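Peer 1: This structure is in structure tokens; I'll ask about it shortly.
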Amino acid sequence: MGSSHKKKVSELEKINDPNFIIELAVGPPIAELVPQNPAAGDGVTLGGKFLNKPSRFIFKKAHLTADDNRIFDADTGQLVCVSHHYGKNPYESLDPLGISGQNDYWQRSHILGEWESVCHVTGYRGMPSFKVRPKTFSVHGRQYIQDNRGEHTFFNIAKQSRMKSMSIRHNLVVCKGETEDDVYAILVDMAGRTMQVVNEKEERVAHIEKSMKTLLMNAALGAGSELMIDIAPGVDWTAILAIVIGLKQEVAGDAGHITDQAIRSLNVFQQIMREFYH
């Protein structure tokens with residue numbers, strides 16, 4: 035991340051700390067959020083909607099398609115945003131064998147298969163609409179969060195180099211615009227139970243955790259998608275929700291056009307996401 039007055043301690047240097055080992059394995063025991071100052075401009079923004087108190091949102095998969103997702107305000111139960119993929123049959127689960135011909139229609143109408151890589155998100159109640167588009171040739175599985183037209187990039191998400199960061203696990207970073215200037219780090223525990231979004235001061239600005247319902251479903255059925263997203267005061271909640279959607283959007287790798295190194299890196303990125311969004 036950017037320079038700081040205090041030298042950051044790498045994960046390798048924390049390896050003898052028992053508290054860090056627990057956090058590394060299953061996430062922090064107490065996920066305290068640190069309020070931020072919006073005027074400082076330290077974080078990334080999307081809609082510029084800043085919280086004045088800690089708030090929680092609920093992430094769920096859409097009912098009829100496993101590739102689309104919804105996020106709700108936990109306090110009101112109202113829908114905040116829903117992701118969708120142009121060119122993908124939204125009713126696929128009702129007709130897995132394609133007997134109705136709907137799948138043929140969607141494939142004929144969108145022969146380029148854009149839905150495999152580009153995700154559109156419709157926002158409600160203060161959440162702006164946006165799109166998630168991957169970088170075509172990306173060693174780090176980079177995902178761009180853009181406006182609906184794709185004319186402006188707010189920020190991007192990528193896998194962090196473990197060599198550069200001296201980290202034990204595969205962490206992720208959120209960078210400004212189309213640059214590689216990271217603003218947030220996303221720390222994923224080894225059990226795939228929690229994600230922490232921290233700034234360059236290592237302050238926790240958001241915490242993403244599988245709900246108890248999801249943990250039980252994972253253990254019993256190997257399925258379950260519900261996530262709880264807690265966001266600190268002074269943080270643009272629309273940006274955090276866009277980060278969660280961006281993390282979920284998988285990249286479709288094409289062996290004919292992407293180098294072996296890029297494919298391996300994309301597979302690591304996808305493995306992290308599949309483990310967390312099981």
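Under our numbering, the first residue of the sequence shown carries the number 35, and numbering increases by one thereafter. Glycine included, every Cβ here is placed at the ideal spot set by N, Cα and C. None of these values were measured; they are calculated from a predicted model.
1) Going by CA-CA distance only, name the one from Ala73, Gly81, Phe91 and Thr156 that's closest to Ile265.
2) Which of helix, strand or coil does DSSP assign to Lys48?
3) Measure the alpha-carbon distance for Arg281 versus Val152 and round it to whole angstroms.
4) Under a three-way DSSP split, which group does Ile279 fall into?
5) Near Ile154, which residues of its chain fall below 6 Å by C-beta distance, leaving aside the five closest residues on each side in sequence?
6) When you compare each of Ala108, Ser44 and Glu66 to His241 by their alpha carbons, which one comes out closest?
7) For the candidate residues Gln194, Val278 and Arg238, whose alpha-carbon lies nearest to that of Pro88?
8) Whole angstroms is fine: what's the gap from Asp76's alpha carbon to Val208's?
9) Could you tell me the alpha carbon to alpha carbon distance between Pro21 and Tyr158, rounded to whole angstroms?
10) Thinking C-beta only, is Ile220 closer than 9 Å to Leu80?
11) Compute the beta-carbon to beta-carbon distance between Gly268 and Phe84, rounded to the nearest angstrom, for a pair I have assumed lies under 8 Å.
12) Is Pro267 close to chain B, meaning its C-beta is less than 9 Å from at least one C-beta of that chain?
13) When DSSP labels each residue in this structure, what does Ala73 get in the three-state scheme?
14) Between which residues of its own chain and Glu243 is the CB-CB distance below 6 Å, once the five residues before and five after are set aside?
15) Once you ignore the five residues that flank His186 on each side, which residues in its own chain have a CB closer than 7 Å to its CB?
16) Considering only C-alpha positions, which residue in the set Asn205, Arg176 and Glu212 is nearest to Asp223?
17) Do you know whose CA, among Lys95, Pro72 and Val232, lies nearest Asn86's CA?
18) Measuring CA to CA, which of Asn190, Asp270 and Val116 is closest to Ser214?
19) On a Cα-Cα basis, can you pick out the residue from Pro69, Pro162 and Ala192 that is closest to Arg183?
20) Closest to Gly82 by C-alpha separation, out of Thr110, Gly160, Gln70 and Cys115, would be which residue?
21) Could you check where the beta strand (DSSP E) with Leu261 kicks off and where it finishes?
22) Over what stretch of residues does the beta strand (DSSP E) that includes Ser117 continue unbroken?
23) Can you check whether the CB of Gln177 is closer than 9 Å to the CB of Gln283?
24) Determine the contact status of Phe106 and Lys95, defining contact as a CB-CB distance below 9 Å.
25) Looking at Val114 and Leu275, is the spacing between their C-beta atoms short of 9 Å?
Peer 2: Taking the definition as stated:
1) Here residue 265 corresponds to residue number 231 of the sequence shown, with the count starting at 1. Ile265 has its Cα closest to that of Phe91, out of Ala73, Gly81, Phe91 and Thr156.
2) Residue numbering aside, residue 48 sits at position 14 when the sequence shown is read from its first letter. Note: Lys48 maps to helix in three-state DSSP.
3) Looking up residue 281 in the sequence shown gives position 247. Looking up residue 152 in the sequence shown gives position 118. Reading off the sequence, residue 281 comes out as Leu, not Arg. C-alpha of Leu281 to C-alpha of Val152: approximately 13 Å in a straight line.
4) On the sequence shown, residue 279 is found 245 positions in, with the first residue counted as 1. Helix.
5) Walking along the sequence shown from the start, residue 154 turns up at place 120. Sequence inspection shows His at residue 154; the Ile mentioned does not correspond to that position. Within the same chain, His154 has close Cβ partners His118 and Lys165.
6) The sequence position of residue 241 within the sequence shown is 207, counting from 1. That would be Glu66, whose Cα lies nearest to the Cα of His241.
7) Reading the sequence shown from its first residue, position 54 is the one you call residue 88. Considering only alpha carbons, the answer is Arg238.
8) On the sequence shown, residue 76 is found 42 positions in, with the first residue counted as 1. On the sequence shown, residue 208 is found 174 positions in, with the first residue counted as 1. Those two C-alpha atoms are separated by around 12 Å.
9) Nothing about residue 21 can be read from this structure; the chain reaches only from 35 to 312.
10) Locating residue 80 in the sequence shown gives position 46, counting from the first residue. Locating residue 220 in the sequence shown gives position 186, counting from the first residue. No, Cβ-Cβ distance for Leu80 and Ile220 is not below 9 Å.
11) Counting from 1 along the sequence shown, the entry for residue 268 is found at position 234. Counting from 1 along the sequence shown, the entry for residue 84 is found at position 50. At roughly 6 Å, the Cβ-Cβ gap stays under 8 Å, so Gly268 and Phe84 are in contact.
12) The chain labelled as chain B is not found in the depicted structure, where only one protein chain is given.
13) Position 39 of the sequence shown, counting from 1, holds the residue named residue 73. Three-state result, Ala73: helix.
14) Looking up residue 243 in the sequence shown gives position 209. Taken in chain order, the residues that qualify are Thr228 and Met262.
15) As a working note, residue 186 is residue 152 in the sequence shown. Short of 7 Å from the beta carbon of His186, and not among the five residues preceding or following it, lie these beta carbons of its own chain, in chain order: Gln180.
16) Counted from its first residue, the sequence shown places residue 223 at position 189. The option with the nearest alpha carbon to Asp223 is Asn205.
17) By 1-based counting over the sequence shown, the position of residue 86 is 52. Considering only Lys95, Pro72 and Val232, the residue with the shortest C-alpha distance to Asn86 is Pro72.
18) Position 180 of the sequence shown, counting from 1, holds the residue named residue 214. Ser is not the amino acid found at residue 214; the sequence shown has Glu there. Comparing C-alpha distances from Glu214 to each of Asn190, Asp270 and Val116 shows the shortest one belongs to Asn190.
19) As a position in the sequence shown, residue 183 is number 149, starting the count at 1. Checking every option, the nearest Cα to that of Arg183 belongs to Pro162.
20) As a position in the sequence shown, residue 82 is number 48, starting the count at 1. Measuring C-alpha to C-alpha distances from Gly82 to each of Thr110, Gly160, Gln70 and Cys115 identifies Gly160 as the nearest.
21) To locate residue 261, count along the sequence shown from 1; it is residue 227. Its beta strand (DSSP E) spans residues Leu261 to Ile265.
22) Counted from its first residue, the sequence shown places residue 117 at position 83. Taken as a continuous stretch (DSSP letters only), the beta strand (DSSP E) holding Ser117 covers Leu113 to His118.
23) Locating residue 283 in the sequence shown gives position 249, counting from the first residue. Locating residue 177 in the sequence shown gives position 143, counting from the first residue. It is a contact, given that the beta carbons lie within the stated cut-off.
24) For this step, residue 106 is matched to residue 72 along the sequence shown. For this step, residue 95 is matched to residue 61 along the sequence shown. For Phe106 and Lys95, no; Cβs fall outside 9 Å.
25) For the purposes of this step, residue 275 is identified with residue 241 of the sequence shown, where counting begins at 1. For the purposes of this step, residue 114 is identified with residue 80 of the sequence shown, where counting begins at 1. Val114 is positioned such that its CB atom lies closer than 9 Å to that of Leu275.
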